[in-house]
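Working notes for the structure below.
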Amino acid sequence: MLNSAGHSDAQRENAALISIRDLNYRYAGTDAPALRNLTLAVPEGGTFGLLGPNGAGKSTLLALLTGLITPPAGAVKVAGHDLARDAARVQAISALVPQDYAFYPGLSARENLEFFAGIYRLDARRKRRQFEYCVDVCRLQDVLDRPAQQYSGGVKRRLNLAIGLLNAPRILYLDEPTVGIDALSRQCIIEAIQALKAEGVTLVYTSHYMEEVEAICDTLAVIDRGRVVVRDSMDRLLQRGSGKQLQLKLQAPPSALLIDELAPFEPRRLDALRWTLQLREGAAQLPQLLQRMALHGAVIEQLQFGVSRLEQVYMALLEGRELP
Amino acid sequence: MNGQALKACVRKEVLLLSRDRHGLALLFVMPVVFILVMSLALQNEFAARAGKKIAVLVLDRDGSEASRQLLARLSASNAFTLEQRGTAAGGAQAVEAQLRGAALSGNYAFALAIAPGYGDNLARAPAAGDAAQVTLMVAPDTGKQTEMIFRAALRESLGRQRVDRLLEALPGAALGDQVLDRDLAVSYAYAPGAVARAPSAVQQNVPAWLVFAVFFVAIPLSNTLIRERQLGMARRLRSTNVGSFTVLSSKWITYFAINQLQVVSMLAIGVYLMPLLGAEALQLQGSKSALALIAAALSVAALGYALLIAALARTTEQATLLGGAGNIILAALGGIMVPKFVMPAAMQAATNVSPMAWGLDGFLDVLLRGAGCAQVWPKAAALVAFGLVALLIAHGVQRRRMD
Chain A
71 MLNSAGHSDA QRENAALISI RDLNYRYAGT DAPALRNLTL AVPEGGTFGL LGPNGAGKST
131 LLALLTGLIT PPAGAVKVAG HDLARDAARV QAISALVPQD YAFYPGLSAR ENLEFFAGIY
191 RLDARRKRRQ FEYCVDVCRL QDVLDRPAQQ YSGGVKRRLN LAIGLLNAPR ILYLDEPTVG
251 IDALSRQCII EAIQALKAEG VTLVYTSHYM EEVEAICDTL AVIDRGRVVV RDSMDRLLQR
311 GSGKQLQLKL QAPPSALLID ELAPFEPRRL DALRWTLQLR EGAAQLPQLL QRMALHGAVI
371 EQLQFGVSRL EQVYMALLEG RELP
Chain B
190 MNGQALKACV RKEVLLLSRD RHGLALLFVM PVVFILVMSL ALQNEFAARA GKKIAVLVLD
250 RDGSEASRQL LARLSASNAF TLEQRGTAAG GAQAVEAQLR GAALSGNYAF ALAIAPGYGD
310 NLARAPAAGD AAQVTLMVAP DTGKQTEMIF RAALRESLGR QRVDRLLEAL PGAALGDQVL
370 DRDLAVSYAY APGAVARAPS AVQQNVPAWL VFAVFFVAIP LSNTLIRERQ LGMARRLRST
430 NVGSFTVLSS KWITYFAINQ LQVVSMLAIG VYLMPLLGAE ALQLQGSKSA LALIAAALSV
490 AALGYALLIA ALARTTEQAT LLGGAGNIIL AALGGIMVPK FVMPAAMQAA TNVSPMAWGL
550 DGFLDVLLRG AGCAQVWPKA AALVAFGLVA LLIAHGVQRR RMD
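Heads up: the sequence lines are chains A and B, in that order.
If you're matching positions, the first sequence starts at 71 in my numbering and goes up one per residue.
If you're matching positions, the second sequence starts at 190 in my numbering and goes up one per residue.
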């Protein structure tokens with residue numbers, strides 16, 4: 071597969087921290103494979119977004135990468151180790167932050183962190199250092215000794231993340247780490263993720279919040295029905311999708327006459343006031359279009375051209391449409 | 190297996206269990222309540238089986254040599270404890286009231302009065318219309334079987350005394366007990382020494398409910414495992430390189446220790462608390478190492494069973510239901526709720542399907558029959574085998590589910 075910059079899979083694999091080649095996986099008792107000939111390379115450093123609808127194969131891929139399911143020999147290499155043969159080494163340099171609150175609600179944050187420090191076999195010095203780091207990054211100081219079952223959803227998510235940071239992983243898998251929490255806690259988690267990124271940790275991130283993915287991820291792969299639909303850098307994907315689409319927000323709904331007038335621009339209604347138009351010949355058509363609209367008395371509140379939101383690109387990719 | 194990770198897991202299990210008030214109540218309070226209630230409630234039943242004498246109040250209004258002989262003859266049967274009391278003034282009605290009061294007091298199974306002139310009337314044949322020479326009052330809680338036995342014994346004593354008096358007139362025709370007993374030979378179906386003594390209520394109930402309690406680890410242990418699965422903890426732990434063997438071993442170690450604590454505390458209750466409540470103290474006979482062997486094997490069986498429940502159930506509710514109902518069935522079958530020795534032969538044979546019966550028999554072998562390791566090891570081996578088979582099945586079920 072070539073991306074828009076013209077890099078081949080082989081070139082990417084050479085520079086990849088995680089490389090997956092022709093990976094197939096089928097759950098026992100099911101007809102359809104969860105993953106089919108999946109090939110993917112995740113570069114070292116930065117945030118790699120993994121998008122796809124429910125049932126696309128993201129969870130299976132994460133389960134394979136974190137050693138919960140054994141992949142076929144040779145199909146997955148992480149930091150040069152074959153995951154099938156050397157799972158323990160791979161697990162020692164990686165951590166999973168699952169979508170569930172995967173800690174003991176009957177224990178406090180301190181007790182949960184101490185338990186996982188024991189699981190990761192941290193010596194006393196490293197344990198103290200990592201403990202302080204995790205508490206600081208995830209802002210858990212005020213709740214350390216309270217039972218975790220008393221925490222708000224946001225604090226629970228922060229503790230979930232803190233546990234994932236205890237072994238100072240080189241690769242951190244984040245499975246929808248901000249689902250169902252308030253804006254403040256989400257911001258806290260996003261800041262923690264940005265800090266990890268700055269420290270050189272490779273983050274593999276799945277989420278259904280497109281704005282979040284757009285803000286955090288450097289590279290993106292969209293998976294559907296067990297296959298990679300696209301894999302590219304975020305910038306290039308957004309540029310690919312930006313093309314010739316004009317997004318408008320009007321002050322009042324347009325008249326039927328105006329809609330007829332705009333027919334050559336393939337108007338698409340998002341809601342009563344928001345519309346998209348296609349400028350097939352590019353920005354040169356913009357003055358003419360705006361003039362026609364002014365003649366019909368349409369007042370434009372917002373206008374956007376040459377920028378595409380990830381959600382539109384994502385939807386277009388899944389629907390097999392041409393990128394806007 | 191890494192020691193640091195194992196230590197962290199064990200510490201976590203202990204912390205979680207120490208905060209689980211319901212789990213602790215199930216493991217420690219429930220069996221204590223059963224031991225106290227069942228031992229105290231069934232004290233008399235067990236005592237009767239063990240040969241405790243039946244209490245009889247006697248009002249000897251005759252005070253003759255003959256009435257004393259009658260009472261001596263009843264006492265000689267070793268089945269009754271006769272307590273004599275003086276007669277209140279006021280004639281026949283007062284005597285009847287006194288008898289009734291004694292029978293209703295709950296202290297005596299029977300109250301009997303020997304009429305004045307009993308000795309003088311022995312030699313003559315009773316005529317129609319004569320008043321009864323002995324009046325018997327039966328307590329309301331005395332079983333029909335006991336009543337019939339006492340009446341038979343009383344009738345036999347009265348009859349013998351009358352016959353003896355008649356035979357006195359025939360020279361050389363003495364009819365002593367030795368002569369009569371020659372016609373009767375008694376033997377016991379069990380081998381001599383096989384049953385040193387019948388169990389008392391405490392001796393039966395402490396090990397029985399202790400076995401029941403040990404199997405109740407199935408509920409907290411399976412709930413912990415299922416909660417870990419539901420919370421995603423199992424997934425997270427598997428994504429570390431800690432290894433499921435370490436995780437499982439930590440649970441096994443913790444709950445094994447809990448089981449041993451249950452055994453020690455229940456035995457201590459039998460030895461120290463029960464006598465304070467008026468019951469017989471538990472006698473710790475037999476070898477201590479045999480006791481420890483059975484306790485350890487019982488724990489292996491209970492933990493294997495707990496892991497099987499955890500593998501079969503998908504929710505904590507299912508595990509609680511399966512574990513609780515399963516335990517009750519095993520207990521009913523295993524002679525925990527109803528002692529094995531009161532069951533008919535077919536039911537006694539059926540108890541052998543329950544591992545609780547193997548555990549209880551092992552404890553009773555040690556506590557009642559003074560058995561050592563050499564005698565109880567087959568039962569211990571059966572319990573360990575049960576635990577390991579349950580563990581293998583649990584592993585198979587879990588593996589299939591993960592696939």
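Positions of the beta carbon are idealized from the N, C-alpha and C atoms, including for glycine.
Values in this document were obtained by computation on a predicted structure and should not be read as measured data.
Please report whether the beta-carbon of residue i lies at a distance below 8 Å from any beta-carbon of chain A.
{"i": "Y379 (chain B)", "result": "At Y379 (chain B) the pLDDT is 43, less than 50, meaning the model places this residue with poor confidence; the figure from the coordinates comes in the next sentence. No, Y379 (chain B) lies away from the interface with chain A (no Cβ there is under 8 Å from its Cβ)."}
{"i": "A508 (chain B)", "result": "no"}
{"i": "T504 (chain B)", "result": "no"}
{"i": "G421 (chain B)", "result": "yes"}
{"i": "Q193 (chain B)", "result": "yes"}
{"i": "R425 (chain B)", "result": "yes"}
{"i": "N133 (chain B)", "result": "Residue 133 (chain B) is absent from the structure shown; chain B starts at 190 and stops at 592."}
{"i": "L204 (chain B)", "result": "yes"}
{"i": "K440 (chain B)", "result": "no"}
Between residue i and chain B, is the shortest Cβ-Cβ distance under 8 Å, so that the two count as touching?
{"i": "D341 (chain A)", "result": "no"}
{"i": "L105 (chain A)", "result": "no"}
{"i": "G137 (chain A)", "result": "yes"}
{"i": "Q161 (chain A)", "result": "yes"}
{"i": "I189 (chain A)", "result": "yes"}
{"i": "P168 (chain A)", "result": "yes"}
{"i": "E246 (chain A)", "result": "no"}
{"i": "A102 (chain A)", "result": "no"}
{"i": "F185 (chain A)", "result": "yes"}
{"i": "A158 (chain A)", "result": "yes"}
{"i": "Y171 (chain A)", "result": "yes"}
{"i": "E181 (chain A)", "result": "yes"}
Taking the alpha carbon of residue i as the reference point, which residue from the options has its own alpha carbon closest?
{"i": "A446 (chain B)", "options": "B:W398, B:A571, B:Q334, B:A486", "result": "B:A486"}
{"i": "E381 (chain A)", "options": "A:Y279, A:F173, A:T136", "result": "A:Y279"}
{"i": "Q361 (chain A)", "options": "A:L332, A:L340, A:E389, A:V383", "result": "A:L332"}
{"i": "V150 (chain A)", "options": "A:R209, A:V249, A:L87, A:A265", "result": "Here the sequence assigns Gly to residue 150 (chain A), which means Val is not the residue at that position. Minimum Cα distance to G150 (chain A) is reached at A:L87."}
{"i": "A285 (chain A)", "options": "A:I259, A:D294, A:I293", "result": "A:I259"}
{"i": "L225 (chain B)", "options": "B:L420, B:H211, B:P396", "result": "B:P396"}
{"i": "A490 (chain B)", "options": "B:A521, B:L549, B:G459", "result": "B:L549"}
{"i": "A304 (chain B)", "options": "B:S253, B:G551, B:A244", "result": "B:S253"}
{"i": "C208 (chain A)", "options": "A:L388, A:K226, A:Q374", "result": "A:K226"}
{"i": "R228 (chain A)", "options": "A:L318, A:Q321, A:N237, A:V213", "result": "A:V213"}
{"i": "L110 (chain A)", "options": "A:A386, A:L365, A:V274", "result": "A:V274"}
{"i": "A102 (chain A)", "options": "A:P113, A:G125, A:A232, A:A154", "result": "A:G125"}
{"i": "S346 (chain B)", "options": "B:S543, B:S266, B:A244, B:L466", "result": "B:S266"}
{"i": "G367 (chain A)", "options": "A:F375, A:P323, A:L356, A:T346", "result": "A:P323"}
{"i": "K440 (chain B)", "options": "B:V586, B:A194, B:C198, B:G192", "result": "B:C198"}
Using the three-state DSSP reduction, which class does residue i fall into: helix, strand or coil?
{"i": "Y243 (chain A)", "result": "strand"}
{"i": "D209 (chain B)", "result": "coil"}
{"i": "I370 (chain A)", "result": "strand"}
{"i": "G409 (chain A)", "result": "Nothing about residue 409 (chain A) can be reported from this structure: the residues present for chain A run from 71 to 394 only."}
{"i": "T136 (chain A)", "result": "coil"}
{"i": "T435 (chain B)", "result": "helix"}
{"i": "D92 (chain A)", "result": "strand"}
{"i": "Q472 (chain B)", "result": "coil"}
{"i": "A570 (chain B)", "result": "helix"}
{"i": "L340 (chain A)", "result": "coil"}
{"i": "V289 (chain B)", "result": "According to the sequence provided, residue 289 (chain B) is Arg. The question's Val does not apply to it. Helix."}
{"i": "S303 (chain A)", "result": "strand"}
{"i": "I303 (chain B)", "result": "strand"}
{"i": "S266 (chain B)", "result": "coil"}
{"i": "K477 (chain B)", "result": "helix"}
{"i": "G524 (chain B)", "result": "coil"}
So residue i is in the alpha helix (DSSP H); what residue range does that whole segment cover?
{"i": "E202 (chain A)", "result": "194 to 207"}
{"i": "Y307 (chain B)", "result": "307 to 310"}
{"i": "P324 (chain A)", "result": "Run containing P324 (chain A): none; DSSP gives neither H nor E here."}
{"i": "Q44 (chain A)", "result": "With chain A represented from 71 up to 394, any question about residue 44 (chain A) goes unanswered, as that position is not in the structure."}
Could you tell me how far apart the beta carbons of residue i and residue j are, in whole angstroms, since I believe they sit closer than 8 Å?
{"i": "L511 (chain B)", "j": "A583 (chain B)", "result": "Rounded, the Cβ-Cβ distance is 12 Å, inconsistent with contact."}
{"i": "I408 (chain B)", "j": "L215 (chain B)", "result": "6 Å"}
{"i": "M293 (chain A)", "j": "G127 (chain A)", "result": "One point to set straight first is that residue 293 (chain A) is Ile, not Met, in the sequence displayed. Yes, they are in contact, since the Cβ atoms of I293 (chain A) and G127 (chain A) sit about 5 Å apart, within 8 Å."}
Which residue comes first and which comes last in the beta strand (DSSP E) that contains residue i?
{"i": "M326 (chain B)", "result": "323 to 327"}
{"i": "L246 (chain B)", "result": "243 to 249"}
List, in order along the chain, the chain E residues whose C-beta lies closer than 7 Å to that of residue i?
{"i": "R208 (chain B)", "result": "Among the chains of the structure shown, chain E does not appear; the protein chains present are A and B."}
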